[in-house]
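Let me begin by presenting the structure, written as structure tokens, before commenting on it.
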Amino acid sequence: RDTLLEAPRALLYVHGYNDYFFQSALGDSITRHSYAFYALDLRKYGRSLSSGQDPFEVRHLREYYADLAKAIQQIKAGGAQELVLMAHSTGGLIISLYLEDTQNSDSVQALVLNSPFLDFNFSKVQERLVIPMLDGIGRVSPRTIVAGISKEPDLYAQSLLKRYHGLWDYNTEWKKAKGHTIRLEWLHAIRRGHQQVQRGLSLRIPILLMSSDSSIRARGTWRPAYGRADLVLDVDDIQHYGLLLGEKVQPVRIVGGLHDLFLSSDSTAYAEAYRQLFRFLDQLPPQH
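Take any residue in the sequence shown, note its place counting from 1, add 86, and you have its number in the numbering used here.
And the structure:
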């Protein structure tokens with residue numbers, strides 16, 4: 087929490103998969119914009135991870151709803167009259183479904199989505215055949231591992247970390263540079279969330295839908311182009327399915343942005359992400 091005394095406006099940030107809150111520059115900028123700033127590490131992530139837990143493990147995305155409800159309740163109890171939710175990647179999927187399933191969108195003023203995870207970034211054959219097959223297996227054997235840990239930091243981690251090609255330092259025990267084992271139960275939970283989003287949601291609040299302008303399926307060794315694109319998700323999927331979240335979606339593409347736009351290495355992309363964020367916040371009508 088980084089807050090102003092008696093600030094009537096607040097913003098709650100939720101991270102993505104294999105992630106936690108460490109973007110202090112983002113929090114500082116939002117605070118300077120006269121918002122009380124809060125960030126939530128979801129259960130089994132970051133500061134909320136307990137000894138013996140399997141990081142990031144989940145069987146249904148509803149498991150996170152209690153975390154979100156408690157955070158919102160505490161922020162409102164602290165005096166916030168207007169609350170904006172902001173989320174990155176998987177956090178964007180979770181928050182969108184939370185607002186839809188709990189019919190709780192009236193409790194917040196707006197939603198900011200930073201490259202939300204609304205579809206798998208696989209080939210059409212994989213998405214139509216392989217994912218449904220794995221999902222079926224997962225119902226019988228949910229703990230089966232389908233992806234493991236790489237020998238070297240993945241190319242997205244290299245685009246972020248200062249010791250490689252990025253600008254940032256962070257705790258690689260909480261945001262693992264070599265990835266983490268993925269089990270079928272996680273894939274099942276995400277696929278169910280994607281299916282619900284892709285059928286369309288009915289959120290009534292203003293939504294800022296942000297993504298990079300391009301995606302690359304990164305392979306092999308580092309290339310400079312990897313520092314100016316989304317290496318994790320398909321930005322066309324983000325923009326396509328993001329429009330199905332509600333009637334007040336404002337789509338924005340950031341030229342040269344990384345998957346986490348607010349960690350972009352390109353200075354123009356980094357500045358543009360902030361410009362679009364504050365332009366959106368400044369035009370919000372008062373919450374009633």
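Note that the Cβ used here is the ideal one computed from N, Cα and C, for glycine as well.
Owing to the predicted nature of the structure, the values given are computational and were not obtained by experimental measurement.
Under the three-state reduction of DSSP output, GLY132 falls in the helix class. The shortest C-alpha to C-alpha distance from ASP322 to any of LEU185, LYS210, SER301 is the one to SER301. Per DSSP, HIS119 is not a residue of any beta strand (DSSP E), being assigned neither H nor E. In the displayed model, SER301 falls within a strand according to three-state DSSP. Ranked by how close their Cα comes to the Cα of ALA359, the residues GLN369, GLY138, GLY342, TYR250 have GLY342 in first place. The alpha helix (DSSP H) runs lying completely inside the region 289-335 and spanning 4 residues or more are 321-328, given in chain order.
In the structure shown, ILE235 adopts coil according to DSSP, grouped into three states. With a minimum length of 3 residues, the unbroken runs of beta strand (DSSP E) contained wholly in the region 182-212 fall at 196-200.
With 16 or more other Cβ atoms inside 10 Å of its own Cβ, GLN195 counts as buried.
In the assembly as shown, ASP316 is a buried residue. Its beta-carbon has 16 or more other beta-carbons within 10 Å. Per DSSP, reduced to three states, the secondary structure at ARG95 is strand.
PHE142 sits in coil when the DSSP states are folded into three classes, being neither helix nor strand.
A distance of 8 Å or more separates the beta carbons of LEU319 and GLY286. For GLU143, same chain residues with a beta-carbon under 8 Å away, outside a window of 5 residues either side, are LYS130, ARG269, GLU271, TRP272 in chain order.
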